Amino acid sequence: MARVDWTGQALHEIDLIVSCIEQFDPAAAARMSARLLALGDSLASFPNRGGPAEDGLRELTIVPPYILLYETDGEVVSIFSIRHGARRPD
Numbered sequence: 025m026a027r028v029d030w031t032g033q034a035l036h037e038i039d040l041i042v043s044c045i046e047q048f049d050p051a052a053a054a055r056m057s058a059r060l061l062a063l064g065d066s067l068a069s070f071p072n073r074g075g076p077a078e079d080g081l082r083e084l085t086i087v088p089p090y091i092l093l094y095e096t097d098g099e100v101v102s103i104f105s106i107r108h109g110a111r112r113p114d
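Take 25 as the starting number for the sequence shown in my numbering and just add one per residue.
Dropping the structure here:
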């Protein structure tokens, strides 16, 4: 099983997503936070589950329309970003 490392950027993006939802439904925001983290952490068992993305990264649509960008060497999964599917990559 691989180890999953979340970057500060990825965790910050989860906070932004959750803050937006929380304005309208705090319970839904808590569920979304838990779901995003659990799906990212599930890459420990299946690190190559996502498809190829730019710059040697992999991407996985975790909770449509959110896309998780990460890389793995099989032993460590480094999660770099979570972005809305409509947002252009930086």
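For every residue, glycine included, the Cβ atom is placed at its ideal position computed from N, Cα and C. Predicted, not measured: the structure shown is a model, and the values here were computed from it.
Run of the beta strand (DSSP E) containing residue i, from where it starts to where it stops
i: ASP49; result: Run containing ASP49: none; DSSP gives neither H nor E here.
i: ARG107; result: 100-108
i: ARG27; result: 27-30
Between the CA atoms of residue j and residue i - distance to the nearest angstrom
i: ALA110; j: SER102; result: 23 Å
i: PHE48; j: LEU81; result: 33 Å
i: HIS36; j: SER57; result: 12 Å
Can you list, in chain order, the stretches of the beta strand (DSSP E) that have 3 or more residues and sit fully within the stretch 60-96?
Those beta strand (DSSP E) runs which fall completely within the stretch 60-96 and span 3+ residues are 82-87 and 90-96.
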